[in-house]
Every structure is written in C-alpha cells, then in structure tokens.
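Read through the structure below, which is laid out as structure tokens, and then see the notes.
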Amino acid sequence: MKEKKKNSTDEGPQHSAEDLELINYLYNNVTIKSGKCLDTYVDYFTSEDAIDTFSNSKKHKAQFDSKIEIITVCQHLLELDFFHRAQRFLKTKKSTPAKTKQNVFPTAKKLKLEPHEQNVFLDGDNVYIFTYEPRSIKKFLIGCLFVVGTVAVCMYPLWPETGKTGAYYISLLLGIFVAVILFLSVFRYILWILIYAVTYGKLDFFLFPNLTEDVGFIDSFIPLYIIKRPKKKKKL
Numbered sequence: 001m002k003e004k005k006k007n008s009t010d011e012g013p014q015h016s017a018e019d020l021e022l023i024n025y026l027y028n029n030v031t032i033k034s035g036k037c038l039d040t041y042v043d044y045f046t047s048e049d050a051i052d053t054f055s056n057s058k059k060h061k062a063q064f065d066s067k068i069e070i071i072t073v074c075q076h077l078l079e080l081d082f083f084h085r086a087q088r089f090l091k092t093k094k095s096t097p098a099k100t101k102q103n104v105f106p107t108a109k110k111l112k113l114e115p116h117e118q119n120v121f122l123d124g125d126n127v128y129i130f131t132y133e134p135r136s137i138k139k140f141l142i143g144c145l146f147v148v149g150t151v152a153v154c155m156y157p158l159w160p161e162t163g164k165t166g167a168y169y170i171s172l173l174l175g176i177f178v179a180v181i182l183f184l185s186v187f188r189y190i191l192w193i194l195i196y197a198v199t200y201g202k203l204d205f206f207l208f209p210n211l212t213e214d215v216g217f218i219d220s221f222i223p224l225y226i227i228k229r230p231k232k233k234k235k236l
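Residue numbers 1 to 236, in UniProt numbering, belong to the letters of the sequence shown in order.
Here you go:
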C-alpha cells in the first residue's frame, strides 16, 4: 500500500486540537525545501529551523520555557507520524577515467534523502520529511475549477458560437506554445553542437539548461544560458 499524506480533515482520537494547531503552525511557518526520497518528491525541514520557528513565535513563546520543551513537543508530533526523520543520501565516490564527460546540459538537482533508522527528534541540522499536509484553500479552489471545467467541456455542443470560437483560438494558442517548447528543446542541442564544433570544443554554450527539468514554469527559463570553458590542464 502507498503511504498517503495525512490531511487536517482526518479525524482520530490520537490527534487533539492542540496537536493539529501546532503542526499547522509548524507547516505554515517553518522553512520547507523540496527533495527526493525513494524516488518520491517530498517536503522537508531541519530540526534547527523547527526549533527556531517555535522559539520566535509570539503565539507559542509563553508556552515553551526552554528549548528542551520544544524538542519534547516536536518528538510528540513525530510520534503522531506528522513527519519522520531522514538522512542525506551520500554517494560513494568512484574513480572515473579522466576523459569521462558529464551530461551535455547541467541540471538542477534536488537533495536526495533516505529514511533514518533512528526516528527521533534531535536538535541540529537533522532532516525531517513531512507526511502531513494541511487543508489548503488553493487546492480546494483548483479542485472546484477542475470539476467546473470538466462539466463545461462535456456541454461544449451547447456553447454559443462566440464561446466555441474563443475555445478554438485558445486551443490554437496552446498548441503553438507546446510547439515552441518542443522546438526549443531540440534547437538548444543543435545550437550547442554548432558552437562546440566551431570553437573546436573550447566553448560550451547551454541555452535554457533547465527547460526540460522538473522545476517550476518560470525556473525552466532561468538562467537564459550558461557558458562553460574547459579548464586548462596544469603542466607537471
């Protein structure tokens, strides 16, 4: 069975109103980063950031007299399976031939994580993965729009002529947009080959290096390009 994220609407006797209030505050205020654990994209935070979040909270400052109390509460939230401990995945370095080349285009890599054997909350730069996801108004609105859009598409034969014409031009623009993205995906490789050949391998020019990577839409076009020059070998 796949592990599902807990939702704030899930009812359970082990989750008191105070527990839900604390985890919601932590989720909405702690610094969250994206990583990859067991080939699944996850949201994680560090124990140091979690402690600072509660320490700097005006709402909870009077509730905790010391850092030890904050750690105790975070351990309690961990035992409720709102999050679990992980560790950074470290690859063992292997000797590679000097002529081995990396991928043509540099990619934006996410931190790789793996479950930790000791699932306890400790102070410091320890990593913890959220298994809890609070109720989001944004997701609720997206779900409503999806349902409305599905119904609207099913009723397409009943649309007025102006609506059908508008839908035609919108679909045409979307098709052009997809075609442009596909063209850029191929063109950047052709451009790299041409520049690499003209400069006899002295210059690597990468256009839209993150275009096909798993990043946000805006981040796909940032940076616009990257220029790399081969390092000069030191003479012995």
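The C-beta atom is built at its ideal place from N, Cα and C for all residues, glycine as well. Since the structure is predicted, the reported quantities are computational estimates derived from the model, not experimental observations.
What do you get for residue i, buried or exposed, if any count of 16 or more other CB atoms within 10 angstroms of its CB means buried?
i, result
"Ile71", "buried"
"Asp10", "The predicted position of Asp10 is uncertain, since its pLDDT is 48 and thus under 50; a value taken from the coordinates is nonetheless stated next. Asp10 comes out exposed."
"Val230", "For clarity, residue 230 is Pro in the given sequence; the question names Val instead. It counts as exposed."
"Tyr128", "buried"
"Pro97", "Residue placement at Pro97 is poorly supported in this model, since its pLDDT is 46, which falls under 50; the coordinates are not used for a value here."
"Leu113", "buried"
"Ser171", "exposed"
"Asn28", "exposed"
"Lys99", "Confidence at Lys99 is low in this model, with a pLDDT of 45, below 50, so its placement is unreliable and the value that follows should be read with caution. Exposed: under 16 other Cβ atoms inside 10 Å."
"Ser47", "buried"
"Leu80", "buried"
"Val120", "exposed"
"Arg135", "exposed"
"Phe130", "buried"
"Val198", "exposed"
"Tyr156", "exposed"
"Phe45", "buried"
"Val186", "exposed"
"Tyr189", "exposed"
Can you pull the DSSP bridge partners for residue i?
i, result
"Pro115", "Ala86"
"Val42", "Gly35"
"Lys228", "Asp204"
Kindly give me the distance between the Cβ atoms of residue i and residue j, rounded to whole angstroms, as I take these residues to be in contact under 8 Å.
i, j, result
"residue 305", "Leu184", "Any answer about residue 305 is impossible in this case: the structure gives the chain only from 1 up to 236."
"Phe205", "Leu191", "7 Å"
"Ala50", "Leu26", "6 Å"
"Ile227", "Leu203", "7 Å"
Check your understanding: When the Cβ atoms of the segment 158-170 are set against those of the segment 76-91, are three or more pairs found closer than 8 Å?
Key -> no
Point to revise | Segment contact, 8 Å Cβ cut-off, at least three pairs: the segment 21-37 with the segment 49-60 | key: yes
Review point. Of all the beta strand (DSSP E) runs that stay within the bounds of the segment 122-168, which reach a length of 3 or more residues?
Key: 127-130
Practice item. Please confirm if the segment 36-45 is in contact with the segment 138-156, defined as three or more CB-CB distances below 8 Å between the two stretches. Key: no
Check your understanding: With contact counted as at least three CB pairs below 8 Å, one residue from each stretch, are the segment 166-178 and the segment 214-222 in contact?
Key -> no
Point to revise | Touching by the beta-carbon criterion (3+ pairs, under 8 Å), the segment 148-160 and the segment 72-81 | key: no
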